[in-house]
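Student: Following our numbering, the numbering of the sequence shown begins with 7 at its first residue and continues without gaps. We treat Cβ as the ideally placed atom computed from N, Cα and C, and that holds for glycine.
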Amino acid sequence: MAPPSMQTANVTSSAPQPIVLEAAEAARVVAREIAELVRAKAARGERAVLGLATGKTPVGVYHELVRLRRDEGLSFANVTTFNLDEFVGVDERDPRSFRAWMRRELFDLVDLDPARAHVPRGVGDAVELDAECARYRASIAAVGGIDLQLVGIGRNGHVAFNEPGSSRDSRMRVVELSGVTRADLANGFGGLERVPAHGLTLGIADVLAARAIRLLAFGEKKHAIVARALEGPIGPELPATFLREHRDARWIVDPAAASQSR
Ligand code: PGA
7 MAPPSMQTAN VTSSAPQPIV LEAAEAARVV AREIAELVRA KAARGERAVL GLATGKTPVG
67 VYHELVRLRR DEGLSFANVT TFNLDEFVGV DERDPRSFRA WMRRELFDLV DLDPARAHVP
127 RGVGDAVELD AECARYRASI AAVGGIDLQL VGIGRNGHVA FNEPGSSRDS RMRVVELSGV
187 TRADLANGFG GLERVPAHGL TLGIADVLAA RAIRLLAFGE KKHAIVARAL EGPIGPELPA
247 TFLREHRDAR WIVDPAAASQ SR
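1. Work out the CA separation of residue 209 and residue 16 for me, nearest whole Å.
2. Does residue 168 pass the burial test, meaning 16 or more other C-beta atoms within 10 Å, or should it be called exposed?
3. Answer yes if the stretch 186 to 203 comes into contact with the stretch 37 to 49, meaning at least three C-beta pairs across the two stretches below 8 Å, and no otherwise.
4. Assuming residue 158 and residue 223 make a contact with CB atoms under 8 Å, what is their CB distance in whole Å?
5. Can you tell me which residues form a DSSP beta bridge with residue 257?
6. Would you report the Cα separation of residue 192 and residue 51, rounded to the nearest angstrom?
7. Contact between the stretch 128 to 138 and the stretch 247 to 260: three or more CB pairs below 8 Å?
8. Helix, strand or coil: how does DSSP classify residue 252 here?
9. Where the beta carbon is closer than 5 Å to any heavy atom of the ligand PGA, which residues qualify, in chain order?
10. Can you have a look at residue 24 and say buried or exposed, based on whether 16 or more other CB atoms are within 10 angstroms of its CB?
11. Output the distance between the C-alpha atoms of residue 242 and residue 190, rounded to the nearest integer angstrom.
12. Taking the alpha helix (DSSP H) that residue 187 falls in, what are its first and last residues?
13. Mind checking whether residue 205 and residue 94 have CB atoms under 8 Å apart?
14. So, helix, strand or coil for residue 102, using DSSP?
15. Could you check what DSSP says for residue 54 in three-state terms: helix, strand or coil?
16. Excluding five sequence neighbours on each side, which residues of the same chain lie with their C-beta closer than 7 Å to the C-beta of residue 19?
17. Would you mind listing the alpha helix (DSSP H) stretches within the stretch 33 to 91 that are 4+ residues and don't spill past its ends, in chain order?
18. Since I believe residue 112 is in contact with residue 72 (beta carbons under 8 Å), could you give me their beta-carbon distance rounded to a whole number of angstroms?
19. Do you know how far the Cα of residue 237 is from the Cα of residue 12?
20. Going by CA-CA distance only, name the one from 46, 88, 60 that's closest to residue 212.
21. Ignoring anything shorter than 3 residues or poking outside the stretch 103 to 168, list the beta strand (DSSP E) runs there in chain order.
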């Protein structure tokens, strides 16, 4: 193991330069990259495998993809998707589930085969949920892994539901949601006490296995965490820092979210 002074030097040199764009432009840039990937794969007779996220941050990308479908005929017929996470105890027919959210924002608005739009199933007992995690990871492996993974960052530095304390080698599992995460979800559930206590999430190691990662962060609410995630020590206290160890991870942030980064 390197002495502490060297570790600090490493961390500084690995601080990535974020790409700073207004949110609407960032959504267009990322949607265009996805469209190019989908078309290139289709031209080779292959499927593109996209890793998707829910939340306020990626929604602009989905709206742009829907527009590309409508105006430019972009087809999702050769696309397979895997979402990062889902609530435990929320059925997929429940409008508050991440599956229902994805249907409203993307799945039902493009020509994606519903059988290839994967979201973890969050319903079942502990044994069933563990089996769901194993099954879901096996489905990703069976299609050759994820080509491009979209992620957001929570105010506490989480990635998907990998809350602070999640290790670099964590795999898909059931996790307890943190207080910050539950507070940020309270509106959608009509009060903090109604927000589920647990979620199913791909682990950090699963996310890092994607061939490309695009992290998006917008708004002043994210500026402090973006600065810490880009410049602080890499470790489980701030799970998003692990993305700095990926060779094709881009951090795309708007001017407000970038405002505390050097
Ligand atoms: P948000 O959530 O996009 O709704 O801000 C991001 C996250 O918690 O990962």
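Tutor: For this structure:
1. Legend: pLDDT at residue 16 = 43, less than 50; position of this residue unreliable, value from coordinates given subsequently. Answer to the nearest angstrom: the Cα atoms are 24 Å apart.
2. Around the Cβ of residue 168, a 10 Å sphere holds 16 or more other Cβ atoms; the residue is buried.
3. By the Cβ test, the stretch 37 to 49 is not in contact with the stretch 186 to 203, since fewer than three Cβ pairs between them sit closer than 8 Å.
4. Yes, residue 158 and residue 223 are in contact; Cβ-Cβ is about 7 Å, under 8 Å.
5. Here residue 257 is bridged, per DSSP, to 221.
6. Near 43 Å, if we compare the C-alpha coordinates of residue 51 and residue 192.
7. These segments do not touch.
8. Coil at residue 252, not helix or strand.
9. Checking every Cβ against the heavy atoms of the ligand PGA under 5 Å gives 61, 62, 63, 158, 160.
10. Answer is buried; the Cβ neighbour count reaches 16.
11. A direct Cα-Cα distance of roughly 21 Å separates residue 242 from residue 190.
12. Where residue 187 is concerned, the enclosing alpha helix (DSSP H) starts and stops at 185 to 195.
13. In terms of Cβ geometry, residue 205 and residue 94 form a close pair [threshold 8 Å].
14. Under the three-state reduction of DSSP, residue 102 is assigned to coil, being neither helix nor strand.
15. In the three-state reduction of the DSSP assignment, residue 54 falls in the strand class.
16. Unreliable positioning characterises residue 19 in this predicted model, as indicated by a pLDDT of 44, which lies under 50. The coordinate reading is nonetheless provided below. Non-local C-beta neighbours of residue 19 in its own chain, meaning closer than 7 Å and more than five positions away in sequence, are absent.
17. 65 to 78, all fully within the stretch 33 to 91.
18. Correct: roughly 7 Å between the Cβ atoms.
19. Here residue 12 scores only 39 on pLDDT, less than 50, and its place in the model is too uncertain to base an answer on.
20. Of 46, 88, 60, the residue nearest in Cα terms is 88.
21. Within the stretch 103 to 168, the complete beta strand (DSSP E) runs of at least 3 residues are 154 to 157.
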